[in-house]
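Residue numbers (the working numbering): 12 to 101.
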């Protein structure tokens, strides 16, 4: 089950996230569902995989592959990103 804003999945990812953020995800997995750790886990995932490089390059498909392991839902994500950029840029 994925947890956190970026949906951390898999035992190894949960353990690595817990080690980085200072909690035991196996003892208290629901902690990633709380606002603070949900956000921090997404930041950890992003930073631990150097995703800024892909984002800065505008490589949306590669970024999606790194986060999701594939391109499932890519068209919907691109559409949502296009709408979000309208608000980000003002």
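Backbone N, C-alpha and C define an ideal beta-carbon position, used for all residues, glycine too.
Check residue i in the structure and name its three-state DSSP category.
i           : result
residue 76  : helix
residue 100 : coil
residue 88  : helix
residue 51  : helix
Between which residues of its own chain and residue i is the CB-CB distance below 7 Å, once the five residues before and five after are set aside?
i          : result
residue 50 : 16
Near residue i, which residues of its chain fall below 8 Å by C-beta distance, leaving aside the five closest residues on each side in sequence?
i          : result
residue 57 : 17 and 63
Does the distance from the C-beta atom of residue i to that of residue j stay below 8 Å?
i          : j          : result
residue 43 : residue 78 : no
residue 38 : residue 55 : no
If you drop the 5 nearest sequence neighbours on each side, which residues of the same chain put their C-beta closer than 6 Å to that of residue i?
i          : result
residue 53 : 15, 16 and 17
Assign residue i to one of two classes, buried (16 or more other C-beta atoms within 10 Å of its C-beta) or exposed (fewer than that).
i          : result
residue 83 : exposed
residue 29 : buried
Quiz item: With contact counted as at least three CB pairs below 8 Å, one residue from each stretch, are the stretch 59-76 and the stretch 88-101 in contact?
Solution: yes
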